[in-house]
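Using our numbering, read the sequence shown as starting at 1 and increasing by one per residue.
Some notes on the structure that comes next.
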Amino acid sequence: MSDAIKIIQREHRAIAAVIHALDHVLDEVEAKKLAPDFELFETILDYMRDFPDHFHHPKEDDHLFAALLKRDPSVRETIDRLKHEHKEGYRILADMRWKLEDWKKDPEGGGGPFMEAARHYVEMERKHLGLEEQKVIPAAKAALTQNDWREIDAAFAQNDDPIFGDRPRQDFDKLFARIVNLAPAPYGLGERKPPPPPEAPRDDHVRYRREVINLHWI
Numbered sequence: 001m002s003d004a005i006k007i008i009q010r011e012h013r014a015i016a017a018v019i020h021a022l023d024h025v026l027d028e029v030e031a032k033k034l035a036p037d038f039e040l041f042e043t044i045l046d047y048m049r050d051f052p053d054h055f056h057h058p059k060e061d062d063h064l065f066a067a068l069l070k071r072d073p074s075v076r077e078t079i080d081r082l083k084h085e086h087k088e089g090y091r092i093l094a095d096m097r098w099k100l101e102d103w104k105k106d107p108e109g110g111g112g113p114f115m116e117a118a119r120h121y122v123e124m125e126r127k128h129l130g131l132e133e134q135k136v137i138p139a140a141k142a143a144l145t146q147n148d149w150r151e152i153d154a155a156f157a158q159n160d161d162p163i164f165g166d167r168p169r170q171d172f173d174k175l176f177a178r179i180v181n182l183a184p185a186p187y188g189l190g191e192r193k194p195p196p197p198p199e200a201p202r203d204d205h206v207r208y209r210r211e212v213i214n215l216h217w218i
């Protein structure tokens with residue numbers, strides 16, 4: 001198997017792991033089993049904005065997709081869709097950032113718009129990864145020549161490039177590790193943060209309940 005394919009699939013697994021954690025944490029927050037963890041959400045947004053856009057997508061767009069289109073023009077519609085989703089994902093993440101800031105200002109009732117946007121993003125990203133894995137990679141394996149793969153592998157192996165170099169990889173590895181440490185078990189290694197207990201009744205309500213109880217026993 002080409003080194004480039006191994007790299008892309010490894011990066012797909014990392015992205016899928018982050019999406020999986022986000023999806024299931026949203027489920028538990030919605031079910032009121034977990035408290036909203038804004039630090040975790042912010043870290044996930046940082047990772048999904050920077051890692052795919054600055055590290056993963058350029059390798060696909062500039063090398064794998066470009067070479068495949070030359071050998072198999074029948075995949076153009078699929079490639080065009082994937083490139084569009086690369087740009088659309090960045091826009092959705094920016095919108096999610098604003099919605100998260102609104103939620104932070106209203107922790108009790110402001111999470112709906114962020115949750116809805118996050119659900120849409122998770123669904124889109126899963127379909128996107130599935131399309132690459134199930135259609136693009138098999139098409140590339142079938143159509144590209146050994147010389148094509150040598151050129152693609154060489155491009156992926158660049159170590160002194162500001163995008164593909166060791167330093168960006170280390171930075172993203174640290175960001176991924178932070179998500180793992182923040183995400184609660186079983187999705188990561190972090191502690192499970194239960195939702196806050198129901199608000200205690202106000203003093204006047206307590207007095208009223210006591211009076212009613214006392215009258216009941218008269």
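Every residue, glycine too, gets a C-beta built ideally from N, C-alpha and C.
*asked:* Using a 10 Å radius around the Cβ and a threshold of 16 neighbouring Cβ atoms, would you call K59 buried or exposed?
replied: Only buried fits K59, as 16 or more other CB atoms lie within 10 angstroms of its CB.
*Taking Q170 as the reference, give the member of F55, P195 and W103 with the closest Cα.*
For Q170, the closest of F55, P195 and W103 by C-alpha to C-alpha distance is F55.
*How would you call E116, buried or exposed, if buried means at least 16 neighbouring beta carbons within 10 angstroms?*
Residue burial annotation: E116 is exposed, with fewer than 16 other C-beta atoms found within 10 angstroms of its C-beta.
_Cβ neighbours of P194 in the same chain (closer than 6 Å, five flanking residues each side left out)_ = Answer for P194: no residue qualifies.
*Can at least three beta-carbon pairs, one atom from the segment 10-18 and one from the segment 122-133, be found at a separation below 8 Å?*
Output reads yes: the segment 122-133 touches the segment 10-18.
*asked:* If the criterion is Cβ atoms closer than 9 Å, does the pair I152 and A4 meet it?
replied: Their beta carbons are under 9 Å apart, which means I152 touches A4 by this criterion.
_Limits of the alpha helix (DSSP H) - the one that A183 falls within_ = In the DSSP assignment, A183 falls outside any alpha helix (DSSP H), carrying neither H nor E.
*Could you check if G109 is buried or exposed, using at least 16 other CB atoms within 10 Å of its CB as the buried criterion?*
Answer is exposed; the Cβ neighbour count stays below 16.
*What does DSSP give as the partner residues of G190 in its beta bridges?*
DSSP output for G190 lists P184 as bridge partner(s).
*Are A155 and D72 close, meaning C-beta to C-beta below 9 Å?*
Their beta carbons are not under 9 Å apart, which means A155 does not touch D72 by this criterion.
*If we count the other Cβ atoms within 10 Å of its Cβ and call it buried at 16 or more, is D80 buried or exposed?*
Residue environment for D80: exposed (fewer than 16 other C-beta atoms within 10 angstroms of its C-beta).
*asked:* Taking the beta carbon of T43 as the centre, do at least 16 other beta carbons fall within 10 Å, making it buried, or is it exposed?
replied: Buried, by the Cβ-count rule.
*Comparing alpha-carbon positions, which option in I8, V180, V29 and I7 lies nearest A118?*
Here the closest residue by C-alpha is V29.
*asked:* Taking only three categories from DSSP, how would you classify E108?
replied: E108 falls in the coil class under three-state DSSP.
_With the cut-off set at 9 Å, would you say I19 and V122 are in Cβ contact?_
Yes, Cβ-Cβ distance for I19 and V122 is below 9 Å.
*Output yes if chain B places a C-beta closer than 9 Å to the C-beta of E101; else output no.*
The chain labelled as chain B is not found in the depicted structure, where only one protein chain is given.
*Can you give the Cα-Cα distance for P162 and R126, rounded to whole angstroms?*
Confidence in P162 is poor, its pLDDT being 44 and thus under 50, which makes the residue's placement unreliable; the coordinate value appears in the next sentence. Going by C-alpha positions, P162 is about 28 Å away from R126.
*In chain order, what residues of the same chain have a beta carbon less than 8 Å from the beta carbon of D61, not counting five sequence neighbours either side?*
The residues are K83 and H86.
*Note the first and the last residue of the continuous alpha helix (DSSP H) segment covering P138.*
I137 to A143 is the extent of the alpha helix (DSSP H) around P138.
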